[in-house]
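Okay, so the sequence shown: first residue is 254 according to this note's numbering, each after it adds one.
Don't be surprised by glycine CBs; every beta carbon is placed ideally from N, CA and C.
What follows is a set of notes on a single structure, which appears directly below.
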Amino acid sequence: MTALLEYRGVGKRFPGVVALDDVCFAVRGGEVRALIGENGAGKSTLLKILGGQYRPDSGTLAVAGEARSFASPRESQDAGIAIIHQELQLAPELSVAENLLLGALPRRHGLLDRIAMRERARAVLARLGEPIDPDTRLGDLSIGRRQMVEIGRALLRDARIIAFDEPTSSLSTRETERLMAIIGDLRAEGRAIIYVSHRMEEVFALADSATVLRDGRHVLDAEHVSADDEPRLLAAMAGREIADIYAYRPRTHGDVAMRVAGLAGPGVRAPVDLAVARGEVLGLFGLVGAGRSELFRLIFGAVRPHAGHVEVEGRALPPGEPRAAIAAGLALAPEDRKDQGIVPVASVRENVALAWRNLARATPLLRRATEAAEAARQIGTMRVKAASPDVAIATLSGGNQQKAIIARWLMAGARILLLDEPTRGIDVGARSEIYGHIYGFAEDGGSVLFASSDMAEVLGVADRIVVMCEGRIAGIVDRADATADRLLRLALPERGTRNPFLDDEAA
Ligand SMILES: Nc1ncnc2c1ncn2[C@@H]1O[C@H](COP(=O)(O)OP(=O)(O)OP(=O)(O)O)[C@@H](O)[C@H]1O
Ligand SMILES: [Mg+2]
């Protein structure tokens, strides 16, 4: 049987980078092929070529056996291809219905047919199981829901080749499960599916086959994959064995570095009391919507608390003043990298130096001199993969942008790091390095609050785990006593109250 989609020797260069080099692989109808590889391996570039955003420098694509080259996203769409991009490409100012049907808006007598538009939007939202009003402004939805709308666009186009670029990075458990079911249906309908993810459990749950990319080359094709293949696939991705990605290092803790006293505010319903010591890595676990990000924003002063306060080194911070928090040594790396983290048009160097620059008291001249060297050092430490520190950060792969944000806070000399889902979208090898940096930071006397919805990660890196549920602390567990079962029991709301699997709207 001819493959529905084939990459034939595809190559792509950017200034200073060979993003893809002679990549060949094929996907049949009714097949889900996982595309995996480290950050910057070239996965998104491959999909952008398929989507008509980039043209390959060499090689070609074949759709149903016929060589094709797309000069625009339009041409790709017309060939029955849909891509769900890693960085969402929707218009926040438009309604959900408009976003769903963009480029294919129904018309009657030359006018936009709003009734037909709403109807089609409603039908696809129902298929996704999303109770969203099609008239809602897209920008008012949670990131997870925006991602579902992007997926809805692909369903509406009835594409026969569908590529997902890390679609679950901001989905809740429930949304992820639903997406898995939808992809199962698409497969059963005979569509060809490419699935990019750093979450190996998803790959094994979903994929029939896998292609591994490393530094722009395909290094492994596996026609059948199961969980038994994990070590083999990880080794192919990284070019080395990865034994224990957490490699936990125990350490002694010092005095209390930060105390949170009776803190409550938007999203944090019951007053939070918490102390974190110097040298401590505190995990913050909870389901989507449990209030972890909200607690971070209150601690950092990005949101004004209704009650309570935060003390750093025994001194109370003025409420609702992030500048004072930063001056006291706090740093917040937010969950939503695209909206809150990076300055896309600025260079990698400028993005990394941003927080340091605001703190530095040196003269502008001296600052310029040390800034470049210090930023370069941090870029090196975090192994941010960029052609040069001067390229716009937007040209970096998703995971490398995330590493740059972490580098920013290390460079700023922060003493207390609030990291909100810091390893989302980061490959296994790089995650392992980031954990190492976190332990090192703590060994130097720093304190880390590490929020994650990945239970294995929290169990792997934290000295102590705070479990949140519905805007309150449900329990605090020492590493020695922490088990998956215990964390999950604390994280789930009591029976009879809200069921997170039926309603995790709060994201
Ligand atoms: N528009 C661009 N300009 C310059 N370089 C680019 C551009 N797009 C991608 N690159 C570079 O091409 C390489 C591959 O990037 P790509 O985004 O395809 O990686 P990826 O495998 O998707 O990584 P991740 O898992 O982090 O998303 C990287 O080195 C990246 O910096
Ligand atoms: Mg990518």
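At a Cβ-Cβ threshold of 7 Å, Ala665 and Ala626 do not count as neighbours. Taking the C-beta atoms as reference points, Val563 is found nearer than 7 Å to Val513.
At the C-beta level, Gly652 and Asp673 stay beyond 7 Å of one another. Put simply, of Val701, Asp310, Thr255 the residue whose alpha carbon is nearest the alpha carbon of Gly318 is Thr255.
Per the Cβ contact rule, the stretch 429 to 447 is not in contact with the stretch 349 to 368 (fewer than 3 Cβ pairs under 8 Å). Closest by C-alpha distance to Leu303, out of Phe417, Leu537, Val271, is Phe417. Membership of Met433 in the alpha helix (DSSP H) is indicated by the continuous run 426 to 441. The chain-ordered list of residues whose CB is nearer than 5 Å to some heavy atom of ligand 1 reads Phe267, Val270, Ala272, Asn292, Gly293, Ala294, Gly295, Lys296, Ser297, Thr298, Thr648, Leu649, Ser650, Gly651, Gly652. With respect to Asp331, Gly264 sits apart: the two C-beta atoms are not nearer than 7 Å.
Listed in chain order, the alpha helix (DSSP H) runs fully inside the stretch 515 to 592 are 545 to 553, 575 to 580, counting runs of at least 4 residues. In the three-state reduction of the DSSP assignment, Met721 falls in the strand class. Note on Ala324: under 16 other CB atoms within 10 angstroms of its CB, so exposed under the neighbour-count rule.
Ala744 and Arg732 have their C-alpha atoms roughly 16 Å apart.
Contiguous alpha helix (DSSP H) elements confined to the stretch 262 to 345 occur at 296 to 303, 326 to 331, taking only those with 4 or more residues. Membership of Val701 in the beta strand (DSSP E) is indicated by the continuous run 700 to 705. DSSP places Ala475 inside the beta strand (DSSP E), whose first and last residues are 470 to 475. In this structure, Leu551 sits near Val521, with a CB-CB distance shorter than 7 Å. When secondary structure is reduced to three states using DSSP, Tyr501 falls in the coil class, being assigned neither helix nor strand. Excluding sequence positions up to five before and after Arg375, its CB lies within less than 7 Å of the CB of Pro387, all in the same chain and listed in chain order. About 4 Å separates the CB atoms of Leu516 and Gly561; that is less than 8 Å, so the two are in contact.
In the same chain as Val271, and ignoring 5 residues on each side of it, the C-beta atoms closer than 6 Å to its own belong to Gly469, in chain order. Just so you know, the alpha carbons of Trp662 and Glu710 end up roughly 21 Å apart. When DSSP reads this structure, Phe417 sits in a beta bridge with Ile337, Tyr448. In the three-state reduction of the DSSP assignment, Met453 falls in the helix class, which pools H, G and I. Shortest Cα-Cα distance from Val719 to any of Gly539, Pro484, Ala578, Glu603 involves Gly539. In this structure, the alpha-carbon of Glu494 lies about 30 Å from that of Ile646. Judged by their CB atoms, Ile669 and Ser700 are nearer to each other than the 7 Å cut-off. Boundaries of the alpha helix (DSSP H) around Arg398: 396 to 409.
Membership of Asp680 in any alpha helix (DSSP H) is not indicated, and neither H nor E is assigned to it by DSSP. Residue ranges of uninterrupted beta strand (DSSP E) with 3 or more members, entirely inside the stretch 651 to 680 and ordered along the chain, are 669 to 673. Checking the 6 Å criterion, the Cβ of Gln655 is out of range of every heavy atom belonging to ligand 2. Assigned with DSSP and collapsed to three states, Gly728 falls in strand. For Gln339, the CB falls within less than 6 Å of some heavy atom of ligand 2.
Straight-line spacing of the CA atoms in Glu383 and Ser546 works out to 23 Å.
Across the set Leu378, Gln631, Asp716, Ala350, the C-alpha of Asp716 shows the shortest separation from the C-alpha of Tyr499.
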